[in-house]
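A.B. asks: Residue 370 is where the sequence shown starts when you use my numbering, and the numbers rise one by one after that. Glycine included, each C-beta is placed from N, C-alpha and C at the ideal position. A single structure is presented below for examination.
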Amino acid sequence: MSFTKKIIVAMILGTLLGVTLNLLISDTFSSNHIIIKFFTLVSDLFISALKLIIIPLIFFSIVCGILSLSDDVPLSRLGIKTMSLYVFTTIIAISIGLLFSSFVDFNPVLLADLDSSYSLEQAEHKSNIFPSNIFKSLAEGNIIHLLIFSLLIGIAASRIKENIQTFIDYIYQFNMIVNELVKIIISFTPVAVFCILSKAFATQGTETLAPLMGYFLIVVFSLFVHFFVTFSLLLKIFSKLDPIKFYRNIKELIIFSFSTSSSSASIPFTLNTANEKCGIDKSISTFTIPLGATINMDGTAIMQGCATFFLASLYGIDLGTSEILTIVITATVASIGTAGIPSAGIIMLTVIFSQVGIPLEGIPLLLGVDRLLDMMRTSVNVSGDMCISCIVASSENKINETTFKS
Ligand code: ASP
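Next up, the structure:
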């Protein structure tokens, strides 16, 4: 059975078991029951493992991203143009996610047994944006400090990269090890999803389905809007390329990235589509595609915007203008720092939650529907890379329009 099928089966079985337990023994069931304790133990172990990997994952993927960015192309016009468009589309994506989420009235029934003691501790990080002692920041789990530190190390390393080949080799190899570890942790997702959902439904009943469904549908709807409306408008406004032809050219890529759930794993396929189907010159695509797979995550940003809004309403946290602005800025940085691998986006939610003061314990609630959402958002992530690559290539006259149209 494929991994995706396993997750779907785990999701269904977990929900069914939880609901059955809740219906059969509702009076006697409490969070002290031995079965619930077991489910809690497994879920907690899984979440701890995810938290454990956050720091190395962010550090190595950012440093590697910056080092590979300057491998062929310096931060020249092409770099600035591409990066600006990537950041621009990410901001649009988060705004779409937040906007549509704000129309939904999420029901706070999922929170009965969640501990909100994190909020104060996390909210403290708001005051210092720039790190002064990286070890203190790491010990406190301050992800923004880690992002800034990783960016600085990456920039400094890329300036002297001729002299530090051994360091670069180590960094790339560490990155591979960390990504492998993430894969190992993620391979336990079906078990974790089963336990998390069984526990949630057994202790809280079927009413948990409605708010999760609301969150799921709003993410899917926002993804569709961004995919069809934003990308079409961007192509029309910035390039005059035909959006219909664009979607036709990338249809196989959409299916591929949907099944791998990984922008990084899709890079060879994306590059091939860029050159063979969209007619983008290799001098552009070899730069824009790997960069996009590393930093441009529109679908992830949409999920992060919706998830933040969803959990903020569940925890009764008011999101004013300054909080919304914090979410937009932090989610932009977080989606840039998200590795192009399965489930990385949900791990990076910790960055936004820490800044807004949402308890990290809310994240397990989202896991039940995250695998499916991961597949869909990865397709949007990769399509976004391709859309911007087409625009940049067209602005540089580096696109073969005959290939694009055929
Ligand atoms: N799976 C996504 C990607 O590779 C990242 C995420 O988890 O959102 O693009």
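Reducing DSSP to helix, strand and coil, say where Ile649 ends up.
C.D. replies: If you number the sequence shown from 1, residue 649 lands on position 280. Three-state DSSP puts Ile649 in a strand.
A.B. asks: Since Ile768 sits in a beta bridge, which residues does DSSP pair it with?
C.D. replies: Taking the sequence shown and counting its residues from 1, one reaches residue 768 at position 399. For Ile768, the pairing in a beta bridge is given by DSSP as Ile649.
A.B. asks: Report back the beta-carbon spacing between Gly648 and Ile760 to the nearest angstrom; my notes put them in contact at under 8 Å.
C.D. replies: If you number the sequence shown from 1, residue 648 lands on position 279. If you number the sequence shown from 1, residue 760 lands on position 391. Contact between Gly648 and Ile760 is absent: CB atoms are separated by about 13 Å, not below the 8 Å threshold.
A.B. asks: Measure from the alpha carbon of Ser763 to the alpha carbon of each residue in Val725, Ile503, Lys605, Ile716, then state which is nearest.
C.D. replies: For the purposes of this step, residue 763 is taken as residue 394 along the sequence shown, with counting starting at 1. Taking only the C-alpha atoms, the option nearest Ser763 is Lys605.
A.B. asks: Excluding five sequence neighbours on each side, which residues of the same chain lie with their C-beta closer than 6 Å to the C-beta of Val378?
C.D. replies: Counted from its first residue, the sequence shown places residue 378 at position 9. The answer is none, since no qualifying residue turns up.
A.B. asks: Can you give, in chain order, each stretch of the beta strand (DSSP E) that sits fully within the segment 641-700 and has at least 3 residues?
C.D. replies: none
A.B. asks: What I want to know is whether the C-beta of Ile637 ends up closer than 7 Å to one or more non-hydrogen atoms of ligand 1.
C.D. replies: What you label residue 637 is simply residue 268 of the sequence shown in a count that begins at 1. For the sequence presented, residue 637 should be read as Pro rather than Ile. No, since every heavy atom of ligand 1 falls outside the 7 Å radius drawn around the Cβ of Pro637.
A.B. asks: For Asn644, which residues in the same chain have their Cβ closer than 7 Å to its Cβ, ignoring the five residues on either side in sequence?
C.D. replies: Here residue 644 refers to the residue found at position 275 of the sequence shown. Only Lys651, Ser654 meet the Cβ criterion.
A.B. asks: Go ahead and pull the three-state DSSP assignment for Cys756.
C.D. replies: As a working note, residue 756 is residue 387 in the sequence shown. Helix.
A.B. asks: Restricting to Cα atoms, I'd like to know which of Ser752, Ile686, Leu520 is closest to Phe600.
C.D. replies: Working through the sequence shown from its first residue, we reach residue 600 at position 231. Shortest Cα-Cα distance from Phe600 to any of Ser752, Ile686, Leu520 involves Ser752.
A.B. asks: Measure the beta-carbon distance from Ile427 to Leu550 and round it to whole angstroms, keeping in mind my assumption that it falls under 8 Å.
C.D. replies: Here residue 427 is taken as the residue at index 58 of the sequence shown, counted from 1. Here residue 550 is taken as the residue at index 181 of the sequence shown, counted from 1. Not confirmed; about 13 Å, so no contact.
A.B. asks: Are the segment 687-698 and the segment 731-738 in contact at 8 Å, needing three or more beta carbon pairs?
C.D. replies: The count of Cβ pairs closer than 8 Å, one atom from the segment 687-698 and one from the segment 731-738, stays below three, leaving the stretches out of contact.
A.B. asks: Report, in whole angstroms, the separation of the C-beta atoms of Leu467 and Ile715, which I expect to be a contact under 8 Å.
C.D. replies: The residue labelled residue 467 in the question sits at position 98 within the sequence shown. The residue labelled residue 715 in the question sits at position 346 within the sequence shown. With 8 Å as the limit, Leu467 and Ile715 do not qualify as a contact, their Cβ atoms being about 18 Å apart.
A.B. asks: May I ask you to check if the CB of Asn544 is nearer than 7 Å to at least one heavy atom of ligand 1?
C.D. replies: Counted from its first residue, the sequence shown places residue 544 at position 175. Proximity of the beta carbon of Asn544 to ligand 1 is not indicated: no heavy atom of the ligand is located closer than 7 Å.
A.B. asks: Give the range of the alpha helix (DSSP H) segment to which Leu718 is assigned.
C.D. replies: Indexing the sequence shown from 1 puts residue 718 at position 349. Leu718 -> alpha helix (DSSP H) spans 713-725.
A.B. asks: What's the call for Asn766, buried or exposed, on a 16-neighbour Cβ count within 10 Å?
C.D. replies: Here residue 766 refers to the residue found at position 397 when the sequence shown is read from its first residue. That one is exposed.
A.B. asks: Of all the options Tyr455, Ile533, Thr558, which has the alpha carbon lying nearest to the alpha carbon of Pro417?
C.D. replies: As a working mapping, residue 417 is identified with position 48 in the sequence shown. The displayed chain sequence assigns Ser, not Pro, to residue 417. Nearest to Ser417 by alpha-carbon distance, out of Tyr455, Ile533, Thr558, is Thr558.
A.B. asks: Who are the Cβ neighbours of Val547 in its own chain at under 6 Å, not counting the five residues just before and after it?
C.D. replies: If you number the sequence shown from 1, residue 547 lands on position 178. Cβ neighbours of Val547 beyond the five flanking positions: Pro425, Leu426, Phe429.
A.B. asks: Looking only at its own chain, which residues have a Cβ that is under 6 Å from the Cβ of Asn618, when we skip the five neighbours before and after it?
C.D. replies: The sequence position of residue 618 within the sequence shown is 249, counting from 1. Only Lys646, Cys647 meet the Cβ criterion.
A.B. asks: Looking at C-alpha atoms only, which residue of Leu521, Phe679, Glu621, Cys564 is the closest neighbour of Cys433?
C.D. replies: Residue mapping note: residue 433 aligns to position 64 of the sequence shown, counting from 1. Residue Leu521 is the option with its Cα nearest to Cys433.
A.B. asks: Under a three-way DSSP split, which group does Leu421 fall into?
C.D. replies: Here the question's residue 421 lines up with position 52 in the sequence shown. Reduced to three states, the DSSP call for Leu421 is helix.
A.B. asks: Have a look at Ile613 and Val749 and give me their C-alpha separation to the nearest angstrom.
C.D. replies: Within the sequence shown, numbered from 1, the residue matching residue 613 stands at position 244. Within the sequence shown, numbered from 1, the residue matching residue 749 stands at position 380. Cα to Cα, Ile613 sits roughly 16 Å from Val749.
A.B. asks: Following the continuous alpha helix (DSSP H) through Phe472, name the residue where it begins and the one where it ends.
C.D. replies: Start at 1 with the first residue of the sequence shown, and residue 472 comes out as number 103. Neither: Phe472 is in no alpha helix (DSSP H) and is coded neither H nor E.
A.B. asks: Are there any heavy atoms of ligand 1 lying less than 7 Å away from the beta-carbon of Thr669, as far as the coordinates show?
C.D. replies: Taking the first residue of the sequence shown as 1, we reach residue 669 at position 300. For ligand 1, at least one heavy atom lies less than 7 Å from the Cβ of Thr669.
A.B. asks: Ignore the nearest five residues each way along the sequence and tell me which others in Ala713's own chain have a CB closer than 6 Å to its CB.
C.D. replies: For this step, residue 713 is matched to residue 344 along the sequence shown. Counting only Cβ-Cβ distances below 6 Å, and skipping sequence neighbours, we find Thr707.
A.B. asks: What is the residue span of the alpha helix (DSSP H) that Thr554 lies within?
C.D. replies: By one-based count along the sequence shown, residue 554 stands at place 185. According to the sequence provided, residue 554 is Ile. The question's Thr does not apply to it. It spans 534-555 - the alpha helix (DSSP H) in which Ile554 sits, taken as one unbroken run.
A.B. asks: Is it true that the CB of Thr639 sits closer than 8 Å to the CB of Met755?
C.D. replies: The residue given as residue 755 occupies position 386 in the sequence shown. The residue given as residue 639 occupies position 270 in the sequence shown. Yes, the pair counts as a contact, with Cβ atoms nearer than the cut-off.
A.B. asks: Rounded to whole angstroms, what's the CA-CA distance from Leu718 to Val702? Just pull it up for me.
C.D. replies: Looking up residue 718 in the sequence shown gives position 349. Looking up residue 702 in the sequence shown gives position 333. Whole-angstrom Cα-Cα distance: 11 Å.
A.B. asks: Which residue wins for smallest C-alpha separation from Thr555, given the options Phe607, Ser630, Phe615?
C.D. replies: Within the sequence shown, the letter at position 186 stands for residue 555. Checking the displayed sequence, the identity of residue 555 turns out to be Ile instead of Thr. Taking only the C-alpha atoms, the option nearest Ile555 is Ser630.
A.B. asks: Helix or strand or just coil, what does DSSP make of Pro612?
C.D. replies: What you label residue 612 is simply residue 243 of the sequence shown in a count that begins at 1. Here Pro612 sits in helix by DSSP.
A.B. asks: Which of the three DSSP states is assigned to Phe707 in this structure?
C.D. replies: Your numbering for residue 707 matches position 338 in the sequence shown. The question names Phe, but residue 707 is Thr in the sequence shown. Of the three classes helix, strand and coil, the one that applies to Thr707 here is coil, per DSSP.
A.B. asks: Give a single yes or no on whether Ser430 has its beta carbon closer than 7 Å to a heavy atom of ligand 1.
C.D. replies: Reading the sequence shown from its first residue, position 61 is the one you call residue 430. Checking the Cβ of Ser430 against ligand 1 gives no.
A.B. asks: In chain order, what residues of the same chain lie with their CB nearer than 7 Å to the CB of Ser591, ignoring the 5 residues before and after it?
C.D. replies: Here the question's residue 591 lines up with position 222 in the sequence shown. Counting only Cβ-Cβ distances below 7 Å, and skipping sequence neighbours, we find Ile465, Gly466, Phe469, Ile671, Cys675.
A.B. asks: Assign Asp484 to one of two classes, buried (16 or more other C-beta atoms within 10 Å of its C-beta) or exposed (fewer than that).
C.D. replies: As a working mapping, residue 484 is identified with position 115 in the sequence shown. Note on Asp484: pLDDT 42, under 50, position unreliable in the model; the coordinate value appears next. Burial call: exposed.
A.B. asks: Alpha carbon to alpha carbon, how far is Pro728 from Ala481? Give it in angstroms, no decimals.
C.D. replies: For the purposes of this step, residue 481 is taken as residue 112 along the sequence shown, with counting starting at 1. For the purposes of this step, residue 728 is taken as residue 359 along the sequence shown, with counting starting at 1. In this prediction, Ala481 has a pLDDT of 48, which is less than 50 and means its spatial position is unreliable; nothing more can be read from the coordinates.
A.B. asks: Ile710: beta carbon under 7 Å from a heavy atom of ligand 1?
C.D. replies: Numbered from its first residue, the sequence shown carries residue 710 at position 341. Yes - ligand 1 has a heavy atom lying nearer than 7 Å to the Cβ of Ile710.
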